[in-house]
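A.B. asks: Top to bottom, those sequences are chains A and B.
Quick note on the UniProt record's numbering: the first sequence kicks off at 1 and runs consecutively.
Quick note on the UniProt record's numbering: the second sequence kicks off at 1 and runs consecutively.
Where is the CB? At the ideal position from N, CA and C, for every residue including glycine.
Following this message is one structure expressed as structure tokens.
There are 2 protein chains.
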Amino acid sequence: MSSEYSAQHRPDVDPSADPSSNQGTPTRDRIAQQLHLHGLKPTHQRVRVAEILMAAPTHMTAEQILAQIRKGGERVSKATVYNTLKVLAQRGLVRQIHLDPERSVYDSTIVPHHHFHDLETGELKDIDPNDIAFSRFPTLPEGMEAEVVEVVIRLRRKRAADGA
Amino acid sequence: MSSEYSAQHRPDVDPSADPSSNQGTPTRDRIAQQLHLHGLKPTHQRVRVAEILMAAPTHMTAEQILAQIRKGGERVSKATVYNTLKVLAQRGLVRQIHLDPERSVYDSTIVPHHHFHDLETGELKDIDPNDIAFSRFPTLPEGMEAEVVEVVIRLRRKRAADGA
DNA sequence: TTGAATGCAAACGCTTTGCACTCGG
DNA sequence: CCGAGTGCAAAGCGTTTGCATTCAA
């Protein structure tokens, strides 16, 4: 499942926010610092959750993150994963999205962007923000402003031209 | 909550599908016929659910529909409302959408279209399809085709220019 | 009549919460 | 040390399901 359609941008917080030892530091320490910078106590569990989700631009469910942590032999409770994800989302470190009624997925890419949604696998892929532009856009209801604009392109495998 | 942003199109099945007595028939009978045409036994409960949802272009949750039926003194079980909505959606008479992780809403407008989503009230408003056009659109993953393209514009009340 | 649809309540899956225990600063 | 964070299990909430009863054709 290589993401050749993933966004090109880096999901990291802006580099200026981490003026200290940044160059040779392993990911885990960088994550811990990010958590700290956002007012979160970088506990072992939180760092693991954030590390898995934020290591690269991905979309994961709480269950997937839980599974991945436990696969490594570590112990985390389901509640902690959910609570951690909620706090990370509140603090703006990750983004919660819900294109599927069954479950939420968490997106490590925090800048607003659009998604391909594979209807068969449920998989999500980022769309490069530069690949979408509007030539016509509706007037907004009076007194309101657009917080975000999200485009979802639901994909289905192309029907091989059957001899109909 | 007048929908000046509602789509202009009619959500009915195509008129040619109903060659019989159509002109003077009250809504309830029209609904019953539509159900029948789609292979659904038009029971009292189903007609009520469909009638409420399809009377005009709206977006309603299962709970809202249940409440509206019961407000009129009629008896329907929650399960029947959910089951009916599921069948209506399967048969293409309504459309299930989920922009909110908490609940599904059912949309009486079945042609693909876009939505304003009021982040404060949770309310949805249709966007006229003619009010949205793309000037740039991403290349789709190989072998895939776009089943639908959905744009969601999440709205927030404009911040009155406070004297900050 | 008779299979399909309904109603109720129990089951379900995802997420949150209450509370005692533990850990990080 | 001490409050924030964790873990477990129980509770919540929207939705589905099992089964006996009822209804539409």
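1) Quick one: what does DSSP say residue 103(B) is sitting in, helix, strand or coil?
2) What number of angstroms, rounded off, separates the C-alpha of residue 151(A) from the C-alpha of residue 138(B)?
3) Assuming residue 76(A) and residue 48(A) are in contact, meaning their beta carbons sit under 8 Å apart, how far apart are those beta carbons, in whole angstroms?
4) Please look up how many angstroms separate the CB atoms of residue 140(A) and residue 59(A), rounded, as I've assumed it's under 8 Å.
5) Can you round the beta-carbon distance between residue 119(B) and residue 155(B) to whole angstroms, since I take them to be within the 8 Å contact cut?
6) Return yes when the C-beta of residue 121(B) is under 7 Å from any heavy atom of the ligand PLP, and no when it is not.
7) Quick test of your reading: residue 127(B) and residue 114(B), contact by CB under 8 Å. State the CB separation rounded to the nearest angstrom.
8) The beta strand (DSSP E) with residue 86(A) in it runs from where to where?
9) Which of the three DSSP states is assigned to residue 136(A) in this structure?
10) Output the distance between the C-alpha atoms of residue 69(B) and residue 31(B), rounded to the nearest integer angstrom.
11) Residues of chain B with a CB under 7 Å from the CB of residue 136(A): which are they?
12) Which residue or residues does DSSP assign as beta-bridge partners of residue 155(B)?
13) Taking 8 Å as the threshold (beta carbon to beta carbon), is residue 78(B) in contact with chain A?
14) Got a sec, what are the start and stop residues for the beta strand (DSSP E) residue 125(A) sits in?
15) Which of the three DSSP states, helix, strand or coil, is assigned to residue 36(A)?
16) For residue 105(B) and residue 61(B), which I take to be in contact (beta-carbon distance under 8 Å), what is that distance rounded to the nearest angstrom?
17) Would you list, in chain order, the members of the region 86-113 of chain A that have their beta-carbon closer than 7 Å to a beta-carbon of chain B?
18) Going along the chain, which residues of its own chain have a beta-carbon closer than 8 Å to the beta-carbon of residue 153(B), five neighbours each way excluded?
19) Would you say residue 146(B) reaches chain A, if we count a Cβ-Cβ gap shorter than 8 Å as a contact?
20) Over what stretch of residues does the alpha helix (DSSP H) that includes residue 177(B) continue unbroken?
21) Starting from residue 70(A), trace the beta strand (DSSP E) in both directions and tell me its first and last residue.
22) Which residues in the same chain have their Cβ closer than 7 Å to the Cβ of residue 87(B), if we skip the five residues on either side of it in sequence?
C.D. replies: If we stick to the structure as given:
1) coil
2) 11 Å
3) 7 Å
4) Actually they are not in contact, since the Cβ atoms of residue 140(A) and residue 59(A) sit about 28 Å apart, beyond 8 Å.
5) 6 Å
6) Ligands in the displayed structure: none, and consequently the ligand PLP is not present.
7) 4 Å
8) Per DSSP, residue 86(A) belongs to no beta strand (DSSP E); it is in the alpha helix (DSSP H), 78-90.
9) strand
10) 16 Å
11) 131, 132, 133
12) 146(A), 118(B)
13) no
14) 124-127
15) helix
16) 5 Å
17) 98, 101, 104
18) 114, 115, 116, 117, 127
19) yes
20) The structure shown does not extend to residue 177(B), since chain B is modelled only from 1 to 164, so the question has no answer here.
21) From DSSP, residue 70(A) is part of no beta strand (DSSP E) but of the alpha helix (DSSP H) over 62-71.
22) 40
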